[in-house]
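S.K.: Numbering-wise, UniProt numbering puts 54 at position 54 of the sequence shown, and it's gapless, one number per residue.
No residue lacks a Cβ here, since even glycine has one placed at the ideal position from N, Cα and C.
If you're wondering where the values come from, they're calculated on a predicted model, not measured in any experiment.
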Amino acid sequence: MYIFRVVLKKNMLHTVWFVDEHRAELIQRVSLVTPIADDLKAYIGDEKYSIITACKTPQEQMRKLYRFLSDVGSLEKIFYQSLLKNEPHLVADLTGEG
Numbered sequence: 001m002y003i004f005r006v007v008l009k010k011n012m013l014h015t016v017w018f019v020d021e022h023r024a025e026l027i028q029r030v031s032l033v034t035p036i037a038d039d040l041k042a043y044i045g046d047e048k049y050s051i052i053t054a055c056k057t058p059q060e061q062m063r064k065l066y067r068f069l070s071d072v073g074s075l076e077k078i079f080y081q082s083l084l085k086n087e088p089h090l091v092a093d094l095t096g097e098g
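Following this line, the structure appears as structure tokens:
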């Protein structure tokens with residue numbers, strides 16, 4: 001059980017590190033922000049979701065999304081999983097696997 005917890009903690013630390021470390025690149029390069037916002041909607045609520053989707057550019061949408069990530073807290077894992085689903089090539093490129 002202890003090993004499982006250690007692995008989970010390492011995985012979570014990697015997720016938070018990735019989201020923080022690649023903030024600028026993700027803001028500039030994520031093109032499919034709405035599907036990511038869709039994945040986070042249950043956690044950020046309708047109002048914040050509407051603010052994100054009302055932004056004119058993907059970069060603006062991502063800046064808002066990042067702001068709301070820090071407002072709500074602990075959403076990095078869900079955000080990262082959504083990035084893996086919606087922008088797998090970008091994540092691979094940023095991790096050096098692409």
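What is the rounded straight-line gap between the Cα of Q28 and the Cα of Q59?
M.R.: Using only the alpha carbons, I get a separation of about 6 Å.
S.K.: Got a sec? Which residues, its chain only, sit under 7 Å from Y49 by beta carbon, not counting five neighbours each side?
M.R.: Taken in chain order, the residues that qualify are A37, K41.
S.K.: Would you call the CB atoms of L83 and V91 closer than 8 Å?
M.R.: Yes, the Cβ-Cβ distance between L83 and V91 is below 8 Å.
S.K.: Can you find a CB in chain B that lies within less than 8 Å of the CB of L65?
M.R.: Of the protein chains in the structure, only one exists, and it is not chain B.
S.K.: Can you check whether the CB of E87 is closer than 8 Å to the CB of V30?
M.R.: Going by C-beta atoms, V30 is nearer than 8 Å to E87.
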